[in-house]
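I have placed the structure first, in the form of structure tokens, so that the comments after it can refer back to it.
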Amino acid sequence: MCGIVGYIGNKQAADIIIEGLEKLEYRGYDSAGVAVISQDTLKVTKKQGRLKVLADFLEEEPIEGTIGIGHTRWATHGAPSDENSHPHTSMSGDIAVVHNGIIENYMQLRQWLIEEGYTFTSETDTEVIAHLIDHHYKGGLMAAVQKTLRQLEGSYALAITSIKHPDILIAARKDSPLIVGIGEGENFIASDIPAILNRTRKVYLIEDKEIAILEKDTISIFDEYGVTVQKDVFEVDWDVESAEKGGYKHFMIKEILEEPKALRDTLSPRLKDGKVDLDIDIDEELIKNVRRIIIVACGTAYHAGIVGKYAIEKTLGIPVEVDIASEYRYRDPVVSSRDIFIVISQSGETADTLAALRMAKRKGAKIIAITNVVGSSVSREADSVMYTWAGPEIAVASTKAHTTQLLSVYLLMIKMGVVRGDIDDALQKQMVDALGKIPEQAQEIIENEETIKMMAHRHYSIHDAYFLGRNLDFAVAQEGSLKLKEISYIHSEAFAAGELKHGPIALIEEGTLVIVIASQSSLYEKTASNIKEVKARGAHVMAICSESADMVMTLADEHIAVPVTMDIFMPILTVIPTQLLAYYCSVERGIDVDKPRNLAKSVTVE
Ligand code: AGP
3 MCGIVGYIGN
13 KQAADIIIEG
23 LEKLEYRGYD
33 SAGVAVISQD
43 TLKVTKKQGR
53 LKVLADFLEE
63 EPIEGTIGIG
73 HTRWATHGAP
83 SDENSHPHTS
93 MSGDIAVVHN
103 GIIENYMQLR
113 QWLIEEGYTF
123 TSETDTEVIA
133 HLIDHHYKGG
143 LMAAVQKTLR
153 QLEGSYALAI
163 TSIKHPDILI
173 AARKDSPLIV
183 GIGEGENFIA
193 SDIPAILNRT
203 RKVYLIEDKE
213 IAILEKDTIS
223 IFDEYGVTVQ
233 KDVFEVDWDV
243 ESAEKGGYKH
253 FMIKEILEEP
263 KALRDTLSPR
273 LKDGKVDLDI
283 DIDEELIKNV
293 RRIIIVACGT
303 AYHAGIVGKY
313 AIEKTLGIPV
323 EVDIASEYRY
333 RDPVVSSRDI
343 FIVISQSGET
353 ADTLAALRMA
363 KRKGAKIIAI
373 TNVVGSSVSR
383 EADSVMYTWA
393 GPEIAVASTK
403 AHTTQLLSVY
413 LLMIKMGVVR
423 GDIDDALQKQ
433 MVDALGKIPE
443 QAQEIIENEE
453 TIKMMAHRHY
463 SIHDAYFLGR
473 NLDFAVAQEG
483 SLKLKEISYI
493 HSEAFAAGEL
503 KHGPIALIEE
513 GTLVIVIASQ
523 SSLYEKTASN
533 IKEVKARGAH
543 VMAICSESAD
553 MVMTLADEHI
563 AVPVTMDIFM
573 PILTVIPTQL
583 LAYYCSVERG
593 IDVDKPRNLA
603 KSVTVE
């Protein structure tokens with residue numbers, strides 16, 4: 003996600019743009035920039051780092067002008083740097099563009115533009131848009147933009163300015179949010195409402211494939227065919243703080259609800275003609291002859307690693323060792339150039355994970371990093387990087403980053419399986435089809451959040467909760483337990499269901515809440531017998547299970563059923579109700595959900 007602001011009116015554009023971008027930093031904050039039409043030239047200033055770096059620079063070297071666009075970036079293509087910051091301009095410098103989204107066909111467009119004689123100054127997907135508009139420009143900016151948009155595949159929210167048309171701004175969107183603010187003698191473009199709430203509460207909500215032309219006193223909106231669209235004015239009645247959360251009470255619930263989009267953004271650029279299209283810089287010979295895969299991470303990311311272990315061993319038959327980074331780095335582990343070492347880290351800055359990466363690298367292993375932050379330490383130090391495109395995750399409790407981590411592990415598994423010949427075309431097609439349905443299945447679960455909210459209302463005052471699961475369900479049980487304890491402060495533990503009789507069942511007494519994860523069809527009967535065991539001791543059983551787990555649902559006191567996909571992919575779906583359960587228990591207990599006590603979003607110290 004990135005933040006976009008545009009202004010056209012009679013005030014100093016740079017001031018209003020910076021003010022708006024400050025309200026959008028939660029959408030991205032690794033670099034920022036502005037482009038302002040100033041005395042018949044288009045002046046661009048852009049800086050790596052937080053928005054303050056740009057703002058301080060503009061204090062020293064202000065840009066005068068009343069029309070402009072600005073951007074605060076969350077890098078997806080091209081690490082944070084001055085050059086990769088937005089706005090991006092045409093070669094002539096006449097046209098500037100800021101963009102939020104992912105242009106999936108940017109490499110093909112970039113190649114074609116280079117063959118047409120264009121030169122690029124950045125590694126971003128966005129820069130192709132500026133050159134395409136230039137290429138199509140024959141005197142009409144709107145026509146050039148329309149032709150450009152027809153060539154783009156993927157998602158975009160755009161603000162465009164041109165020195166040749168100093169009396170208009172153009173805005174356009176597809177799959178990324180964009181609004182137009184209506185002022186008096188001035189008008190605004192923004193990714194999100196918080197950016198302009200200090201200036202106006204009247205907005206047009208731009209729909210997919212609509213294009214808006216803003217002048218100081220008028221706003222015209224067209225559909226993709228150039229037909230005028232009549233729009234109602236939306237009056238915003240939110241305060242600024244709730245607007246930053248998109249109207250939601252907390253970032254955590256906003257980020258859970260963003261999971262379908264995050265999954266889609268992480269998946270779709272990596273699928274092509276029904277196959278996984280993933281470039282990892284790991285020698286194919288190593289993939290074919292690897293001795294072992296080692297996955298190291300912390301917390302929620304570690305739980306994604308456990309899923310990876312079960313999935314990769316089951317599908318590829320490669321031994322997988324998964325370990326907590328803080329343990330791995332001090333046990334003098336056996337690792338060498340015959341191993342593939344995968345680190346998973348949302349922030350890419352977790353101290354223990356980074357230390358483990360460096361140790362494995364010193365010992366010769368090939369490093370793959372799965373991270374949500376472009377340009378993070380793990381992304382720079384790994385041999386190959388796979389980004390989760392979940393967008394900034396602000397809440398301390400990791401949710402959308404986790405489900406996209408799981409998805410990334412699966413994609414990596416398929417890629418390696420195809421290289422090794424363990425996955426044939428038929429199995430790859432089955433897997434890709436199943437993964438392709440996951441975002442809408444996740445949406446289906448989220449639409450059932452009221453049920454989960456009521457279940458949380460029944461249980462939020464408990465002191466202890468136990469999560470049970472077998473195999474991949476045990477991985478989800480561990481993640482669900484962590485989520486609950488870290489944001490509701492309810493004591494929670496996860497047990498391998500088969501371990502109950504080896505001690506933990508002594509904890510079960512009348513009314514104890516036991517949350518059973520059951521999605522692995524071959525283990526339903528085993529899990530059902532575990533439910534009987536704990537119910538016989540008075541437990542209250544909540545099952546989080548697939549819709550096909552009839553026996554489990556019959557035995558449980560209450561259940562949340564999730565749509566069925568391939569067993570191996572079920573963790574992406576069963577983990578979502580555990581996130582919602584933890585969230586609503588925390589809200590009921592009056593806890594600051596986004597900032598639970600004692601925790602930090604990124605543990606950059608040991
Ligand atoms: C997740 O809910 C926790 N906040 C925490 O366990 C987190 O997953 C862990 O600190 C690892 O962080 P990373 O993914 O940024 O490395």
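Residue numbers for the sequence shown follow the numbering used here, beginning at 3 and rising by one.
Each residue gets a CB set at the ideal place from its N, CA and C atoms; glycine is no exception.
Being a predicted model, the structure only gives us computed values, none of them experimental.
query: THR47 by DSSP, collapsed to three states: which one?
result: To locate residue 47, count along the sequence shown from 1; it is residue 45. THR47: strand per DSSP, three-state reduction.
message: I'd like to know if the region 570-584 and the region 501-516 are in contact, where contact means that at least 3 CB-CB pairs between them fall below 8 Å.
response: A contact is defined here as three or more CB-CB pairs under 8 Å, and the region 570-584 fails this definition with respect to the region 501-516.
query: Whole-angstrom Cβ separation of ILE533 and ALA563, contact assumed at under 8 Å?
result: In the sequence shown, counting from the first residue as 1, residue 533 sits at position 531. In the sequence shown, counting from the first residue as 1, residue 563 sits at position 561. ILE533 to ALA563, Cβ: 15 Å. No contact.
- request: Over the uninterrupted beta strand (DSSP E) stretch that includes ILE184, give me the two end residues.
  value: Your numbering for residue 184 matches position 182 in the sequence shown. Unbroken beta strand (DSSP E) run through ILE184: 181-184.
Proximal residues to GLY187 (C-beta, below 7 Å), its chain only, five neighbours per side dropped: The residue you call residue 187 lines up with position 185 of the sequence shown. GLY11, ASN12, LYS218, ASP219, listed in sequence order.
message: VAL7 and ALA197 - do their beta-carbons sit closer together than 7 Å?
response: Numbered from 1 along the sequence shown, position 195 holds the residue referred to as residue 197. Numbered from 1 along the sequence shown, position 5 holds the residue referred to as residue 7. Going by C-beta atoms, ALA197 is nearer than 7 Å to VAL7.
Neighbourhood of ASP177 by C-beta, 6 Å cutoff - its chain only, sequence neighbours within 5 removed: The count along the sequence shown starts at 1 and reaches residue 177 at position 175. The answer, listed in chain order, is SER157.
- request: Can you tell me which of the three DSSP states ASP612 falls into?
  value: In the structure as shown, the chain begins at 3 and stops at 608. Residue 612 is therefore absent and cannot be evaluated.
Bridge-paired residues (DSSP) for TYR389: Start at 1 with the first residue of the sequence shown, and residue 389 comes out as number 387. Looking at the DSSP assignment, TYR389 forms a beta bridge with THR373.
- request: Output the boundary residues of the alpha helix (DSSP H) element that contains ASN102.
  value: The sequence position of residue 102 within the sequence shown is 100, counting from 1. Per DSSP, ASN102 belongs to no alpha helix (DSSP H); it is in the beta strand (DSSP E), 97-102.
CA-to-CA distance, ILE578 to LYS263, given in whole angstroms: For the purposes of this step, residue 263 is identified with residue 261 of the sequence shown, where counting begins at 1. For the purposes of this step, residue 578 is identified with residue 576 of the sequence shown, where counting begins at 1. If I take the Cα positions, the gap works out to 14 Å.
- request: Could you check if THR302 is buried or exposed, using at least 16 other CB atoms within 10 Å of its CB as the buried criterion?
  value: Counting from one through the sequence shown, the residue named residue 302 turns up at place 300. By the beta-carbon neighbour count (other beta carbons within 10 angstroms, threshold 16), THR302 is buried.
query: Bridge partners of SER164, per DSSP?
result: In the sequence shown, the residue the question calls residue 164 occupies position 162. Answer by DSSP bridge pairing, in chain order: ILE97.
- request: Could you tell me which residues DSSP puts in a beta bridge with HIS137?
  value: Position 135 of the sequence shown, counted from the first residue, corresponds to residue 137. Per DSSP, none; premise fails for HIS137.
query: Shortest alpha-carbon distance to ILE326 belongs to which of LEU318, ILE320, ALA306?
result: Locating residue 326 in the sequence shown gives position 324, where the first residue counts as 1. Taking only the C-alpha atoms, the option nearest ILE326 is ALA306.
message: Using the Cβ count rule (16 or more neighbours within 10 Å means buried), how would you classify ALA362?
response: Against the sequence shown, residue 362 aligns to sequence position 360. Its Cβ being crowded by 16 or more others within 10 Å, ALA362 is buried.
query: Any idea which residues DSSP pairs THR78 with across the strands?
result: Indexing the sequence shown from 1 puts residue 78 at position 76. Beta-bridge pairing links THR78 to no other residue.
message: Would LEU111 and VAL130 be called neighbours here (beta carbons separated by less than 7 Å)?
response: Start at 1 with the first residue of the sequence shown, and residue 111 comes out as number 109. Start at 1 with the first residue of the sequence shown, and residue 130 comes out as number 128. Contact: yes.
- prompt: Shortest alpha-carbon distance to GLY51 belongs to which of ILE297, ALA81, LYS211?
  reply: Taking the first residue of the sequence shown as 1, we reach residue 51 at position 49. Selected option, being the one with the closest Cα: ALA81.
- prompt: Given 8 Å as the limit, is there contact between the region 70-80 and the region 122-139, that is, 3 or more CB pairs closer than that?
  reply: Result yes; three or more Cβ-Cβ pairs closer than 8 Å.
- request: Report yes if the C-beta of LYS405 is less than 6 Å from at least one heavy atom of the ligand AGP; otherwise report no.
  value: Position 403 of the sequence shown, counting from 1, holds the residue named residue 405. The question names Lys, yet the displayed sequence has Thr at residue 405. Annotation for THR405 indicates a beta carbon at 6 Å or more from all heavy atoms of the ligand AGP.
message: According to DSSP, is PHE190 part of a helix, a strand, or is it coil?
response: By one-based count along the sequence shown, residue 190 stands at place 188. The answer is strand: DSSP assigns PHE190 an E or B state.
message: Using only the alpha-carbon positions, how far apart do TYR526 and GLU446 sit?
response: Counting from 1 along the sequence shown, the entry for residue 526 is found at position 524. Counting from 1 along the sequence shown, the entry for residue 446 is found at position 444. Per the coordinates, the alpha-carbon of TYR526 lies some 23 Å from the alpha-carbon of GLU446.
query: Among LEU151, ILE320, ILE448, which residue has its Cα nearest to the Cα of TYR586?
result: As a first step, residue 586 is located in the sequence shown; it is residue number 584 there, counting from the start. Cα-wise, what sits closest to TYR586 is ILE448.
message: Could you compute how far the alpha carbon of SER339 sits from the alpha carbon of LYS365?
response: Mapped onto the sequence shown, residue 339 falls at position 337. Mapped onto the sequence shown, residue 365 falls at position 363. Each residue's CA atom was taken as its position, placing SER339 and LYS365 some 7 Å apart.
query: Are the beta-carbon atoms belonging to VAL1 and MET254 less than 7 Å from one another?
result: The structure shown does not extend to residue 1, since the chain is modelled only from 3 through 608, so no value can be given for it.
message: Quick check on the burial criterion: 16 or more other C-beta atoms within 10 angstroms. Buried or exposed for ARG29?
response: The count along the sequence shown starts at 1 and reaches residue 29 at position 27. Per the 10 Å Cβ criterion, buried.
- request: Quick one: grab the DSSP three-state call for PHE253.
  value: Within the sequence shown, residue 253 is the residue found at index 251, counting from 1. Here PHE253 sits in helix by DSSP.
message: Is any non-hydrogen atom of the ligand AGP found closer than 6 Å to the C-beta of SER604, if you look at the structure I gave you?
response: Mapped onto the sequence shown, residue 604 falls at position 602. Relative to the ligand AGP, the beta carbon of SER604 is positioned inside 6 Å of a heavy atom.
message: Measuring straight from C-alpha to C-alpha, what distance separates GLY2 and ILE215?
response: Look at the range of the chain in this structure, 3 to 608, and you will see that residue 2 is not part of it.
message: the ligand AGP and GLY301: does any heavy atom of the ligand fall closer than 6 Å to the residue's C-beta?
response: Here residue 301 refers to the residue found at position 299 of the sequence shown. The answer is yes for GLY301.
task: Can you have a look at LEU601 and say buried or exposed, based on whether 16 or more other CB atoms are within 10 angstroms of its CB?
output: Taking the first residue of the sequence shown as 1, we reach residue 601 at position 599. It counts as exposed.
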